[in-house]
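Structure record follows, encoded as structure tokens.
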Amino acid sequence: MSAVQAHSAGSLALDPERRRTFVDKTVLYLLSYDVEANMDREELGFVSGGVRVNVFAREGMTRVYHVARARTLPGLGFEPVAGSLSWGGDWLFWRDDDIELSRVKMAINTDDGAVIHCTYDVKADLGPGGFRRLVGKKGRAGNEDEPVVFPIMTTPRFETSSPRYRWLTEYQCVGFGRALVVRSELRRLTYDIYVLT
Amino acid sequence: MLPTTDWRERTKFLDKRLLYAFSLELRTSIDLGLTAQSGARIRTRPVPAASRGGAKGKSRAVPPPLDHSDTYHVLNDQLIVSVDGATHEVPLTKVVDHQDVLTDLGGGVFDLNGRARLVTDDQASISMLYTGVVRLGFDGELVFTEPDQQASGSVQLAIQCEADRPKYRWLSQAQLIAFGEARTRTVAGAKILALSLDLYSAG
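Top line first, the protein sequences correspond to chains A and B.
The first sequence lines up with residues 2 to 198 when you count with the numbering used here.
The second sequence lines up with residues 2 to 204 when you count with the numbering used here.
Encoded structure:
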């Protein structure tokens, strides 16, 4: 019996000292944003383990807003964030095991003149055969009449020097999004971002 | 034509789901001397198990588990459902290695970056990378400089896993988030940071 097995056998049974209640969790709505992808994307092509593509936000075709148009954020008490992206990029890596990894960086210009930097990693399941559909010439995912919509999860963090939005830097966030894909090209993204407390 | 009406300034929230996956206990040792030198950036070290050692002289692919660092199900269930609707066995693992770096953001809030290696009871390895926030209260900074200062608070993490075996592939595909409690205590002269986390798959 290995050390791990021995240790497991001793304590993975019902342990009276184990926590038997869930930790309190709260997920508070923060903001939403929509992004149109620039069609002028950088296709790096096949690299070790998959395919790399860099996609950037289309200028003037982004919006950061509050879905319910509330004046304060319930549970947080701060004013909502509204504005647009001054710049945003998504460094996509489609792995050949049908998993997408990407790193997103973007800057939000708020309507009141602040700049908020946002970064996050994305992990998405491309589905069975998803990698081949995305990079292959045949059977490409989605068309103009029937675009494919992928669910995407993100975990954004924010940075800003603006005192008005300084509170954003102290929260881990989670984003629930949808990506619209036409002919295997990312066209649009929309997200709801929530704060974890 | 692309459907444009639903993509600008939505007035409805997107569907969201958080499903409980499993719980994770992590213990790390805070090196107060190193903390004094590194300022706002604090490194922690794994806490070796008292019985660490095991099979001496033998080459081992799996290191021995760390003290009080493992996964379990709060309700002791054996099956869980992930956001894709599939049912999976609760991964019962021992943490064999992990390291954290905390960065002081001020006001008792710390940015947390870490990695852990978990070994399941059927000997599969799971790599875990996490980032997030630890809140230890307004005098939380003192925990890392004053030997007698203790604190407790909350922690929220975003976690990504990689697993090689098909049985645990769902962990590679899932975005996990964690809500937990953070607590410090002094054990045998060493200051320990204990994280008790509930992990949820999000989708």
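Where a beta carbon is used, it is the ideal one built from N, C-alpha and C, also for glycine.
If you look at A/G131, you'll find it in the alpha helix (DSSP H) that goes G131 to V136. Within 7 Å of the CB of A/V149, no CB atom of chain B is found; the nearest one sits about 12 Å away. Below 8 Å, too few C-beta pairs join the region 15 to 29 of chain B and the region 156 to 173 of chain A to call them touching: fewer than three. B/F23 is bridged by DSSP to B/L200. Taking a beta-carbon distance threshold of 8 Å, B/T12 counts as an interface residue toward chain A. Here DSSP, grouped into helix, strand and coil, assigns A/T170 to helix. Within 7 Å of the CB of A/E171, the CB atoms of chain B belong to L106, V110 and V134, in sequence order along the chain. For B/K192 against B/L76, the beta-carbon gap comes to about 32 Å, at or over 8 Å, which does not count as contact.
As summarised for the region 124 to 186 of chain B, the continuous beta strand (DSSP E) elements at least 3 residues long and confined to that stretch are 126 to 136 and 153 to 164, given in chain order. Using a Cβ-Cβ cut-off of 8 Å, B/Y73 counts as an interface residue toward chain A, since at least one Cβ of chain A sits closer than that to its own.
When DSSP reads this structure, B/R42 sits in a beta bridge with B/T104. With respect to the 8 Å criterion, A/L86 and A/A115 are not classified as neighbours on the basis of their beta carbons. A contact between stretches requires three or more CB pairs, one per stretch, nearer than 8 Å, and the region 145 to 164 of chain B fails this requirement with the region 64 to 74 of chain B. Ranked by how close their Cα comes to the Cα of A/G46, the residues A/L181, A/S162, A/V56 and A/Y192 have A/V56 in first place.
Contact between B/S24 and B/H74 holds, since their C-beta atoms are separated by about 7 Å, short of 8 Å. For A/M154, the chain B residues whose C-beta falls within less than 7 Å of its own C-beta are Q176, A203 and G204, listed in chain order. B/L177 and A/G137 have their C-alpha atoms roughly 30 Å apart.
Look at B/S24: its C-beta is under 8 Å from a C-beta on chain A.
With a contact defined as Cβ atoms closer than 8 Å, B/Q161 and A/K26 miss out at about 19 Å. Put simply, of A/T120, A/G89, A/R21 and A/V82 the residue whose alpha carbon is nearest the alpha carbon of A/S163 is A/V82. A/F159 is bridged by DSSP to A/C119.
Note that the region 184 to 194 of chain A does not touch the region 181 to 201 of chain B; fewer than 3 beta-carbon pairs, one per stretch, sit closer than 8 Å. Put simply, the backbone Cα of B/R118 is about 10 Å away from that of B/T94. With respect to A/C174, A/I153 sits apart: the two C-beta atoms are not nearer than 8 Å. DSSP lists B/Q100 and B/L130 as the bridge partner or partners of B/R116.
Taking the CA atoms as reference points, B/T121 sits about 40 Å from A/R184. Out of A/V150, A/Y166, A/V52 and A/S33, the CA that lies nearest to the CA of A/I100 is found in A/V52. For secondary structure counted as the beta strand (DSSP E) over 3 or more consecutive residues, the region 51 to 96 of chain A holds these complete runs in sequence order: 51 to 66 and 84 to 96. The Cβ-Cβ distance between B/V91 and B/L113 does not fall below 8 Å. In this structure, the CA atom of B/G115 is about 17 Å from the CA atom of B/S173. Against chain A, a Cβ distance below 8 Å from B/G181 picks out V24.
Spatial neighbours of A/N39 in its own chain (CB-CB distance under 6 Å, excluding positions within 5 residues in sequence) are listed in chain order as F57 and R59. At a cut-off of 8 Å between C-beta atoms, A/Y166 does not count as an interface residue with respect to chain B. Taking the Cα positions, A/S103 is about 11 Å away from A/T120. Within chain A, V28, V175, F177, D193 and Y195 have C-beta atoms less than 9 Å from the C-beta of B/K17, given in sequence order. Scanning chain B for C-beta atoms nearer than 9 Å to the C-beta of A/V116 yields nothing, as the closest lies near 19 Å away.
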